[in-house]
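According to the working numbering, the residues represented by the sequence shown are 180 to 320, in order. To keep things clear, I will list the structure first and then write my remarks on it.
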Amino acid sequence: MAVGSSVGTDRAAGVARLGLAEDAVVQVVGWDDDGDEEFLEAVGDHVSEVIVGDVEDVVDAVLVWWRDEDGDLADGLLDALAMLADDGVVWLLTPRPGRPGHMTGSDVKEAVQVAGLQVTSSISVGAKWQAARLMARKTGR
Numbered sequence: 180m181a182v183g184s185s186v187g188t189d190r191a192a193g194v195a196r197l198g199l200a201e202d203a204v205v206q207v208v209g210w211d212d213d214g215d216e217e218f219l220e221a222v223g224d225h226v227s228e229v230i231v232g233d234v235e236d237v238v239d240a241v242l243v244w245w246r247d248e249d250g251d252l253a254d255g256l257l258d259a260l261a262m263l264a265d266d267g268v269v270w271l272l273t274p275r276p277g278r279p280g281h282m283t284g285s286d287v288k289e290a291v292q293v294a295g296l297q298v299t300s301s302i303s304v305g306a307k308w309q310a311a312r313l314m315a316r317k318t319g320r
């Protein structure tokens, strides 16, 4: 029981670090059975609505679950931006080092830059996944 409580507390802390408002609508892309289901459920318990797959309206955040074999990450990030609110945030979730599907930091950095984004922070999402908060790059005038 103590182990489960600790894991639940860790996931709740991870969800809190996402910085999502309770009335947020969150789109989830790239979800597969290797994702952290308990973390996703914790997100769903925290926000107004979680939509897995395509959306028809603007969302406040997008959780992008991505693995090395999922294809071109830059294209995936650009797709994630399509229905994102102007002040929305993208969280890129990738497998931790040593896990199947792990992406190198340089590959992630390159794709993020190509998509016109920048990493603003990173968090742990359970034992298998890590997450990076992505925002539009600030441009000078």
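Glycine included, C-beta positions come from ideal geometry on N, C-alpha and C.
Residues near residue i in its chain [Cβ-Cβ closer than 6 Å; skip 5 each side]
{"i": "residue 278", "result": "307"}
{"i": "residue 311", "result": "271, 298, 301"}
{"i": "residue 234", "result": "206, 262"}
For residue i, the nearest candidate out of the options (CA to CA)
{"i": "residue 240", "options": "252, 205, 314", "result": "205"}
{"i": "residue 315", "options": "305, 266, 274", "result": "266"}
{"i": "residue 124", "options": "254, 198, 227, 304", "result": "Because the chain here runs from 180 to 320, residue 124 falls outside it and cannot be looked at."}
{"i": "residue 200", "options": "227, 214, 254", "result": "227"}
{"i": "residue 198", "options": "276, 225, 232, 215", "result": "225"}
Burial state of residue i (16 or more Cβ within 10 Å)
{"i": "residue 208", "result": "buried"}
{"i": "residue 192", "result": "exposed"}
{"i": "residue 283", "result": "exposed"}
{"i": "residue 294", "result": "buried"}
{"i": "residue 259", "result": "buried"}
Residues sharing a beta bridge with residue i, DSSP
{"i": "residue 246", "result": "Paired residues: none, contrary to the question."}
{"i": "residue 274", "result": "308"}
Spatial distance of residue i from residue j (CA atoms)
{"i": "residue 237", "j": "residue 264", "result": "6 Å"}
{"i": "residue 325", "j": "residue 296", "result": "Since the first residue of the chain shown is 180 and the last is 320, residue 325 is not available in this structure."}
{"i": "residue 269", "j": "residue 245", "result": "12 Å"}
{"i": "residue 256", "j": "residue 217", "result": "24 Å"}
{"i": "residue 251", "j": "residue 290", "result": "8 Å"}
{"i": "residue 281", "j": "residue 196", "result": "22 Å"}
{"i": "residue 202", "j": "residue 222", "result": "12 Å"}
{"i": "residue 286", "j": "residue 313", "result": "15 Å"}
{"i": "residue 288", "j": "residue 309", "result": "14 Å"}
{"i": "residue 230", "j": "residue 212", "result": "16 Å"}
{"i": "residue 215", "j": "residue 194", "result": "12 Å"}
{"i": "residue 254", "j": "residue 210", "result": "16 Å"}
{"i": "residue 292", "j": "residue 276", "result": "21 Å"}
{"i": "residue 219", "j": "residue 232", "result": "14 Å"}
Closer than 8 Å: residue i CB and nearest the ligand GTP heavy atom
{"i": "residue 219", "result": "Ligands are entirely absent from the displayed structure, and the ligand GTP is therefore not among its contents."}
Proximal residues to residue i (C-beta, below 8 Å), its chain only, five neighbours per side dropped
{"i": "residue 248", "result": "280"}
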